[in-house]
C-alpha cells in the first residue's frame with residue numbers, strides 16, 4: 001500500500017510556482033490602471049461641469065444569482081450610484097483619498113490593514129474617519145466598485161486584520177522574503193505539532209503537493225485531533241482549519257488548492273443551520289455581502305462530507321445532540337426561503353427540512369461519544385469510501 | 001362687652017351727606033392708577049402726554065413735546081410736560097386741571113386718547129395730597145399773552161381754587177401748554193417705566209417728536225418719522241346697538257325731536273326712515289309719539305325692538321387707525337429688527353362701537369449674521385450695522401415675546417394678563433408662524449408684538465385704563481390681525497431657516513471638496529495649480545446646481 005502511494009505521489013506531484021511573479025506584476029498593472037480609470041472618469045466629469053458619480057454593485061443576498069453551472073454566487077444587476085451631492089460629498093472625498101492610498105501602496109508594494117487605513121485617514125483633517133466602522137464601509141464600497149473590474153481588495157492592498165486558517169499535510173508553500181525576494185519554502189508536513197498559517201494574501205504563493213484531497217474543518221478542536229494523530233498522513237490529504245466561517249484568505253487558499261492543484265475539497269462541519277448555511281455555503285459559493293469576489297473567493301467544487309442529518313441516524317448520535325435554538329430554526333427557514341444556493345440545490349432543501357424535522361443539531365465532536373478517535377478510525381474512512389454521495 | 005349707643009333714625013339721617021367725586025377718588029386713588037409711587041409718576045406723565053397729543057392733533061399741529069422729570073427729594077419729583085398745542089383759553093385752565101370729570105371728550109363719540117376727563121385733574125389732586133402743592137399751568141394761545149396759574153383743588157366741592165394767576169409778558173412758545181407738578185413718587189428704569197412708556201408712545205405715534213430728560217439727567221430724543229398727522233377722526237352719533245336702556249330713556253327725555261320717528265333718525269347713526277319704521281313697527285309704537293312722553297315700558301319695548309332690527313354697522317370714519325405704513329415706520333424707528341410685518345384690519349363693531357385692530361410684528365435681532373444670495377447663486381453672510389440702540393424692546397430668542405398694547409395710540413403698561421390683547425395672543429397658534437409657544441402662554445422668540453385698538457370707546461376694565469375688556473368681537477379681531485401678520489412672519493422665518501440650512505450644507509460641501517482634489521491629484525499626478533482650478537470648477541458647478 002505504501003509503495004502504491006509512493007508511486008502515486010510521484011505521478012501526482014503538482015506545482016504552480018513558475019508563473020507567480022509574472023502574475024503578480026500583471027495584477028499590479030491592472031490594479032493601477034483601474035484606479036487611474038476611475039479617477040480619470042471623475043476628473044472628466046468635473047472638467048465638463050457635470051456631477052461625478054461612482055457606481056458600485058449592491059451587496060446583499062437579494063442581489064445575488066446562483067447558477068449550478070457557474071458554481072458560485074454572482075452579482076445581480078442592482079447597482080448603487082453615488083452621485084456627488086451634499087449627502088455624499090464627505091464619503092466621496094474619502095473614497096477618492098482611499099483610492100489614492102491604494103495606488104500608493106500598489107506602487108510601493110506595501111499594504112494596509114483596515115485598521116491602518118482608518119489611522120491613515122487621521123491625517124486628512126476634516127475628511128478623516130471618526131470610527132473604523134466608517135472607513136470599513138467606504139473600503140467595502142471601493143472593493144465593490146473595483147470588483148466589476150476584476151480587482152480585489154487584496155489587489156488594492158487593503159488586507160484583512162485576521163490571518164487565514166491553519167494548514168497541515170503534504171503541501172509545500174513557496175513564498176518570498178518581502179525584503180530580499182528570496183524564495184522561502186514551507187513544508188506543511190514538517191510543522192511538528194503546529195501548523196502553517198495561511199497569510200492574508202495568497203495569490204503570490206507557489207504551491208506543491210502530493211495529497212489526494214483537501215479536508216476543510218470547521219473547528220480548531222477537530223483540526224488538532226486529526227493533526228495530532230497525523231490523519232493527513234494516513235489519508236494523504238491536506239487539512240485546513242477554517243475556524244467558523246472561513247476568511248477570504250482561507251477561501252482563496254482552498255480555491256487555489258482546488259483549481260491550481262486540482263484537489264477535491266471536502267467540508268467537515270457541524271450539523272446545524274450555521275454550519276451548513278453559513279460556513280459551508282460561504283466556502284462553496286460565497287456570501288451575499290461579498291458576492292462581488294465570489295468568482296475568486298469561494299470553492300465551487302467543494303462538497304459536503306459531514307456531518308449530515310443522515311449521519312446523526314447512521315452513526316447513532318441521536319443522544320449526543322442538542323435541540324435547535326430559535327435562531328437556528330429561523331436561519332434554516334430563511335435559507336430555505338431566500339438563499340439562492342439552497343433553492344437551487346433540492347438535496348440541500350431536503351436535508352435542511354429533515355434537520356428541522358428532527359429538531360436537533362450535532363457537533364463534529366459528538367463522535368467522541370463512541371471514543372475519542374472514533375472519528376478517525378470509523379467515521380471519516382466510512383464516509384470517504386463514497387465521496388460521490390457527499391451533499392453538493 | 002363695651003356698650004355702644006344705639007342710633008335713632010334721625011341721628012342716622014344727620015350723618016348722611018354728599019360725597020364729592022374728588023373725595024371718593026382721593027380715597028380710592030388706585031382706581032386711577034396711583035396705587036404706588038412708581039406708578040403715580042408714570043400715570044401723571046401719561047395723562048399729561050395724552051392730553052397734549054390729543055390737543056395737538058385736534059388743532060392739526062405736529063406734536064412736539066418736552067418731558068422733564070427731576071428728583072427734588074428722597075421721594076419727591078418734579079414733573080414738567082410742555083407741548084406746542086393750541087394752548088388753553090384762560091378761563092378754562094382752572095377747571096380742566098382742577099376739577100374732576102370736567103372734559104371735552106366724555107360725551108362725544110370720537111376716537112381720542114382721553115375719555116372721561118379725570119386723568120390730569122386726578123394727577124393734580126394726587127400731587128396736592130402728597131406734597132401740598134397743586135399743579136402749575138402755563139399756557140399761551142396764539143396772539144394772546146401767556147398765562148400762569150397755580151391751582152389748588154377743593155376736594156370737598158370738586159372745585160379749583162386759584163392760588164396765583166399771572167400774565168407773562170414773554171414766553172418761549174407761540175402757543176402751547178406747560179403742566180408742572182410736584183408729587184411723591186419713585187423712579188425706576190425698565191419695564192413699565194416712564195422711559196418705557198415714552199418709547200412705546202414714540203412707536204405708536206411716529207408723527208410726534210418727544211424730548212425727554214430723565215431724573216438722572218440723561219436726555220433722550222424721539223424724532224418723528226413722518227410729517228403727516230393721522231387722519232382726523234370724525235365724531236359720530238351713537239349706534240342703536242351700543243345703547244343701554246337707561247341711556248335710551250335719558251336720550252328720550254332730553255331730545256329736541258318731537259316725533260319718535262325723527263328722534264331715532266336724528267340721535268342715532270345708521271337709522272334712516274326705513275329702519276326707524278321697522279323699529280317702531282316691532283315696538284308697536286306710533287311714529288309720531290312724543291319722545292319725552294314715552295313711558296318706561298314703552299322705552300323697554302323700543303329697546304328690545306332695536307335689538308331685533310337689522311341695522312347696518314356704524315360708519316368707520318370716526319376711527320383713525322395708525323395705518324400699516326406708520327406702524328412700520330414707528331417700529332423701524334424704535335426697534336431695529338430683521339423683519340417687520342404689519343396688518344390693519346377692516347373696522348368691526350362691538351356693542352355698537354366701531355373699532356379697528358392693528359398689529360405690527362418686529363422679529364429677529366439684526367446683530368447676528370444674515371444670509372443673502374448673490375446673483376451667482378452663492379450664499380454669503382452679511383453683517384448689518386446696528387442703526388438704533390434697541391434698548392430692551394427685542395428680547396432674546398428664549399425670552400417670551402414683548403407684547404406692546406395700545407389703545408387709541410396710548411401704550412398700556414399694566415395688567416397685561418387681564419387684557420383682551422394678551423388673551424388673543426395666547427389663543428393664537430404661533431407654532432404655525434415659526435415661533436415656539438408654551439401651552440397657555442405667550443409665544444417665545446426674539447419678537448415684539450404690537451397690538452393697537454382704535455375705537456370711539458375703548459372698553460377698559462378699570463378707570464386707570466390699563467387693560468382692554470375681552471369682548472368676543474375684540475378677541476376675534478385681534479386674533480385675525482395677529483394671524484395675518486403672523487403668516488408673513490412665518491413665511492419669513494421658514495425662508496430664513498431654509499437659507500440657513502442651505503448655507504450649512506454649502507459650507508459642508510466646501511469643507512470636503514478640496515479633498516476630492518487632493519485625492520485625484522495623488523492618483524493622476526497633476527500640479528497644484530491644476531488641482532486648484534479643478535476644485536474651483538467643481539465648487540462652481542455644485543453651487544449652481546443647488547436651488548434655493
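Protein chains in written order, with the numbering used here: chain E, 1 to 392; chain H, 1 to 548.
All C-beta atoms in this analysis are idealised placements derived from N, C-alpha and C, irrespective of residue type, glycine included.
Taken through DSSP and simplified to helix, strand or coil, residue 202 of chain H comes out as helix. Judged by DSSP in its simplified three-state form, residue 322 of chain E adopts strand. Positions of the alpha helix (DSSP H) runs, each at least 4 residues long and wholly inside the segment 184-258 of chain H, are given as 194-204 and 245-254 in order along the chain. Short of 6 Å from the beta carbon of residue 486 of chain H, and not among the five residues preceding or following it, lie these beta carbons of its own chain, in chain order: 433. Taking 8 Å as the Cβ-Cβ cut-off, the segment 419-433 of chain H has no residue approaching chain E. Note that the segment 311-318 of chain E touches the segment 360-374 of chain E; at least 3 beta-carbon pairs, one per stretch, sit closer than 8 Å.
Pairwise C-beta distances place the segment 119-129 of chain E out of contact with the segment 167-178 of chain E, as fewer than three of them are shorter than 8 Å. Against chain E, the beta carbon of residue 497 of chain H has no neighbour under 8 Å; the closest one sits roughly 16 Å away. Shown here for residue 489 of chain H: same chain residues with a beta carbon closer than 7 Å to its own, the five before and five after excluded, namely 339, 341, 361, 363, 433 and 434 in chain order. According to the DSSP assignment, residue 353 of chain H belongs to no alpha helix (DSSP H) but to the beta strand (DSSP E) extending over 353-363. At a cut-off of 8 Å, the C-beta of residue 360 of chain E has no neighbouring C-beta in chain H. In the structure shown, the three-state DSSP call for residue 197 of chain E is strand.
Apart from the 5 residues on each side of it in sequence, residue 414 of chain H sits with its Cβ closer than 6 Å to the Cβ of 466 in its chain, given in chain order.
Residue burial annotation: residue 354 of chain H is buried, with at least 16 other C-beta atoms found within 10 angstroms of its C-beta.
Going by C-alpha positions, residue 242 of chain H is about 30 Å away from residue 48 of chain H. The alpha-carbon separation between residue 182 of chain H and residue 211 of chain H amounts to approximately 20 Å. Residue environment for residue 218 of chain E: buried (at least 16 other C-beta atoms within 10 angstroms of its C-beta).
Looking at the DSSP output, residue 185 of chain E sits in a beta bridge with E:174. When DSSP states are grouped into helix, strand and coil, residue 260 of chain E belongs to the coil group. Annotation note: the segment 121-156 of chain H contains the following uninterrupted beta strand (DSSP E) runs of length 3 or greater, listed N- to C-terminal: 136-140 and 146-154. Contacts with chain E at 8 Å (Cβ-Cβ) do not include residue 507 of chain H.
The secondary-structure analysis by DSSP pairs residue 113 of chain E across a beta bridge with E:159. The beta carbon of residue 523 of chain H falls within 8 Å of a beta carbon belonging to chain E, placing the residue at that interface. In terms of CA proximity to residue 40 of chain H, H:75 leads the group H:11, H:75 and H:8.
The three-state secondary structure of residue 541 of chain H, taken from DSSP, is helix. Taking the Cβ atoms as the reference, residue 311 of chain E lies roughly 7 Å from residue 271 of chain E, within the contact range of under 8 Å. Counting every other CB atom within 10 Å of its CB across the protein chains shown gives residue 254 of chain H a total below 16, marking it as exposed. As the crow flies, the alpha-carbon of residue 124 of chain H is around 11 Å from that of residue 155 of chain H.
Within its own chain, the residues whose Cβ lies closer than 6 Å to the Cβ of residue 376 of chain E, once the five positions on either side in sequence are excluded, are 229 and 231, listed in chain order. Excluding five sequence positions before and after residue 333 of chain E, the CB atoms of its chain that fall closer than 8 Å to its own CB belong to 356, given in chain order.
In the DSSP assignment, residue 99 of chain E falls within the unbroken alpha helix (DSSP H) covering 89-107.
Taking one beta carbon from each stretch, the segment 283-296 of chain H and the segment 331-338 of chain H have fewer than 3 pairs nearer than 8 Å; the two do not touch. The C-beta distance from residue 85 of chain H to residue 176 of chain H rounds to 6 Å, short enough to meet the 8 Å contact threshold. Separation of the CB atoms of residue 478 of chain H and residue 442 of chain H is rounded to 13 Å, and the pair is thereby denied contact status at 8 Å. Between the segment 512-526 of chain H and the segment 83-101 of chain E there are three or more C-beta pairs closer than 8 Å, enough to call the two in contact. A direct Cα-to-Cα measurement between residue 150 of chain H and residue 225 of chain H gives close to 36 Å.
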